[in-house]
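Okay, here's the thing in C-alpha cells:
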C-alpha cells in the first residue's frame, strides 16, 4: 500500500512537470529539453534554504519559483532567437550547464554527494510527513497547476501561443508580440517545474544531481509527446503509464539487470511511433484544408 | 603549455572530423540526426567485439566495423527516417524521432556489452614520445594523421567526384536538383554512407585513445554539433574555426579552472554565440535563427 502511494506521488510530480512543459512544447511549439534543469533548480533551492537556514517551505517555494523564473527569463532571451531543431540544441545546452553546476559546484551543492536530511513540508504546524497527506498535497498542486494551465491555454494568450506555433511570421504580422509570448510561456513553464522540484525534494528528503540530468529531460519530453503535446488530460495518462512502466516490466518477470534498459527502449520506440502518428495527422489535416480551399 | 597546445590540436581535429561527418548528412537531409552519435559508439564496440571477443587482428576488425556502421545507418535511414519523411513531418519531430532511435540503439548496446567501460587496447600504455617538453602518444599521432587524411579524402570526394557534386547540388537546392534529374534519395543515401563511415572511424580512433562506454558517442557528437553551429553552416574552414575555438575554450577552462567544467564551457559558448553572433563565423543566413 505504501508503495502504491509512493507511485501515486511520483505520478503527480511528473504530471506537473510534463503539463508545465506542454505549455512550451505543445502550445507554443518550442520543444524544450531543459525542463529537468528547472526541476532541479526548484529542488536545490528549497533543499539548500531549508537545510541551511531553516526557512519555512512556503517561503522557499516562492523563492524557488522566483529563482527558476529569473534564470528561465535570462536563458530564454538567448533561446528565443532560434527555432526548430536549434532550439532543442540550445535548451539541451541549458540543461547540461544547469546539471554541471549542480554536479560541480561542490562548495554549495555538495556535488554528487547530494543533500540529505531535507525536512518534510510543514504548514501551520501540520507536518506532511506520511504518504497519504503528502499525496493529498501533491494532488492539490497538480489540480492547481492543471487549472492554471488550462486557463492559460484557453485564454487569448494561449491562442497567441498556438498561433505562433502554427506560423510565427504570420502571427507577428497580426501585431502580436511573438518574442514576448515565447519568453512568458517559457518562464511560466519553468516556474511550475520548480514547484515539482520542491515537492520532490521534500518528499524524498535526499537529492542528488542524477535525478535532474538529461535523461530526465528526455523522459519528461517523451511524456508530453506521448500524451499528445497540448492535451493536458492525455499528458496525465501518459505520466501514469510511463511511471508505472518499470513496475509492469518487473511484474512480467524482466530480469532486473536489463529492466532499466528495456524501459528506455520501450519509450524510445514509443517516441518514434508517436512521431510517426503525428505525421499522419498533419497529412490528413492538410488534405482537409486543401479540400476546403 | 606545449601539452595544452597538443591537446587543443588533437581535440579540434576530432571535433572537426566528427562535425564534418555529421555535416555531410545534415546538409542533404536537413535535420539534426541524433543517431549519428550511435555511429561513433557502434564503430568502437564492433571493433571491440571483433578484435577482442573474436580475437581477430585490428586490420580485419576496423573495415568490418566501418562497413557494419554504414549498414546500420542505412537501415535506420531506409526503414525509419524515410517512412517518417514521407509523412511530411517537421524538423524538430525528426530530431525527436532520431533521439528515440538513439535511445533504443544505445540501450541495445548497453544490454549486449554492459554499461562498464571497455577497451580494445591490447598494446601496453606507453608514456609517449617526448615533444618539446611534453608527451604525445602514438594513438594521438595516428588519430591526428588519420583524421587529416580522411578529411582530405572526404573533401576530395565532395569536390571532385560526380556523386559529391550531386550531394552538393541536393543540399543547396533540393527542388531544382530534382528538376534536373538528381535523385534526392540517392544523394541522401550517399551522404549517409560517407558520414556514418567517417563517424565510425572517428569512434574507433576515440575508442583507441580513451576507453569506451555505451554513452560515449553522445558527448562527442554534441561537441561536434556545437562546433558546427559556432562555425556556421558554411564551408569546411568555418567548421575548423568553430572546432578550434571550441577545443581551445574547453581545454583552457580545464587548464585554468577544472576539467569538470568542460561540458558547460561548450554550451555556454554556444549560448553566447547564438545570442551575439547567431550566424556563426560564416555569417551565412539560415532560417533557424532570428526569424
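Residue numbers (the numbering used here), protein chains in the order written: chain A, -8 to 284; chain B, 75 to 365.
Ideal Cβ placement from N, Cα and C applies to all residues, glycine included.
The structure displayed is predicted, hence computed values, not measured ones.
Query	Result
Of the choices A:121, A:1 and A:226, whose alpha-carbon is the least far from that of residue 212 (chain A)?	A:226
Which same chain residues end up closer than 8 Å to residue 273 (chain B) when comparing Cβ atoms and leaving out the 5 residues on each side of it in sequence?	92, 95, 96, 110, 113, 114, 117 and 143
Please determine whether the Cβ atom of residue 143 (chain A) lies at a distance below 7 Å from any heavy atom of the ligand NAP.	By its list of ligands, the structure shown contains no ligand whatsoever, and the ligand NAP lies outside what it can speak to.
Between the beta-carbon of residue 179 (chain A) and the beta-carbon of residue 89 (chain A), is there less than 8 Å?	no
Identify the continuous alpha helix (DSSP H) that holds residue 47 (chain A) and give its terminal residues.	Run containing residue 47 (chain A): none; DSSP gives neither H nor E here.
Using the Cα positions of residue 73 (chain A) and residue 85 (chain B), report the straight-line distance between them to the nearest angstrom.	27 Å
Counting pairs of beta carbons, one from the region 11 to 28 of chain A and one from the region 40 to 58 of chain A, are three or more of them closer than 8 Å?	no
Closer than 7 Å, Cβ to any Cβ of chain B: which residues of the region 18 to 34 of chain A, in chain order?	22
My guess is that residue 186 (chain A) and residue 136 (chain A) are in contact by the Cβ rule of under 8 Å, so how many angstroms apart are they, rounded?	7 Å
Could you work out which residue in A:219, A:249 and A:200 is closest to residue 96 (chain A) when comparing CA atoms only?	A:200
Quick check on DSSP: helix, strand or coil for residue 77 (chain B)?	helix
Between residue 14 (chain A) and chain B, is any beta-carbon pair separated by less than 8 Å?	no
In whole angstroms, what separates the C-alpha of residue -2 (chain A) from that of residue 49 (chain A)?	24 Å
Quick one, which residues of the region 103 to 121 of chain A are near chain B if we go by CB-CB under 9 Å, in chain order?	none
Quick check on residue 339 (chain B): buried or exposed, where buried means 16 or more other Cβ atoms within 10 Å of its Cβ?	buried
What is the DSSP secondary structure of residue 279 (chain A), counted as helix, strand or coil?	Low per-residue confidence applies at residue 279 (chain A): pLDDT is 49, beneath 50, and the placement is therefore not dependable, though the value from the model is reported in the following sentence. Note: residue 279 (chain A) maps to helix in three-state DSSP.
Between which residues of its own chain and residue 194 (chain B) is the CB-CB distance below 6 Å, once the five residues before and five after are set aside?	121, 122, 125 and 126
Could you give the distance in angstroms between the alpha-carbon of residue 282 (chain A) and the alpha-carbon of residue 252 (chain B)?	Residue placement at residue 282 (chain A) is flagged as unreliable, the pLDDT there being 47, under the threshold of 50; a coordinate-derived value is accordingly withheld.
Considering only their Cβ atoms, is the gap separating residue 265 (chain B) from residue 99 (chain B) smaller than 8 Å?	yes
Counting only C-beta atoms, is residue 195 (chain B) closer than 8 Å to chain A at any point?	no
Hey, could you find the ends of the alpha helix (DSSP H) residue 120 (chain B) is sitting in?	110 to 122
Pull up the distance between the alpha-carbon of residue 220 (chain B) and that of residue 122 (chain A), whole angstroms please.	60 Å
Just to check my reading of the structure: residue 280 (chain B) and residue 290 (chain B) have Cβ atoms closer than 8 Å, yes? What is that Cβ distance to the nearest angstrom?	7 Å
Helix, strand or coil: which one does DSSP assign to residue 73 (chain A)?	strand
Helix, strand or coil: how does DSSP classify residue 25 (chain A) here?	coil
So who's on the other strand from residue 286 (chain B), going by DSSP bridges?	B:192
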